[in-house]
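Asks: Residue numbers (the numbering used here): 9 to 139.
The beta carbon of each residue, even a glycine, is placed where N, CA and C say it ideally should be.
1) So, are the CB atoms of residue 67 and residue 127 less than 8 Å apart?
2) Distance check for residue 73 and residue 99, CA to CA, integer angstroms please.
3) Please tell me whether residue 89 and residue 101 are closer than 8 Å, where the distance is taken between their beta carbons.
4) Please confirm if the stretch 105-116 is in contact with the stretch 75-84, defined as three or more CB-CB distances below 8 Å between the two stretches.
5) Determine the contact status of residue 78 and residue 138, defining contact as a CB-CB distance below 8 Å.
6) Nearest-angstrom Cα distance between residue 131 and residue 57?
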């Protein structure tokens, strides 16, 4: 047990720091609570998906620099398509934007495999193209 605490003690320290910050925030701003935490989770969710995807790429030994540009392009596309549209139109927009992200990622992968150019170069070029 002591070996585990020695090797992973920093995790406990981070959790304690997180709890202390939550308590201090609650004391300073009494309105802070579960509703605010829920909106924070919803706001962070797209980034969590991007981090999960990037984790797989990094574990495989690569790096993808174009993730942010792809997120921006798909977000702007979805927002412009939904501007003034009804909520039912989202049933078309969401699959379209997901397919768009899938195609952009597949193009990145194909360029890396077919041209044998290092992934950092291809994704950097894709980043500039998508901007």
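Replies: Reading from the atomic positions:
1) Inclusion of residue 67 and residue 127 in the CB contact set at 8 Å is not warranted, their separation being larger than that value.
2) Straight-line Cα distance between these residues: approximately 30 Å.
3) It is a contact, given that the beta carbons lie within the stated cut-off.
4) Yes: at least three Cβ pairs fall under 8 Å.
5) In this structure, residue 138 lies closer than 8 Å to residue 78 by Cβ.
6) Cα to Cα, residue 131 sits roughly 18 Å from residue 57.
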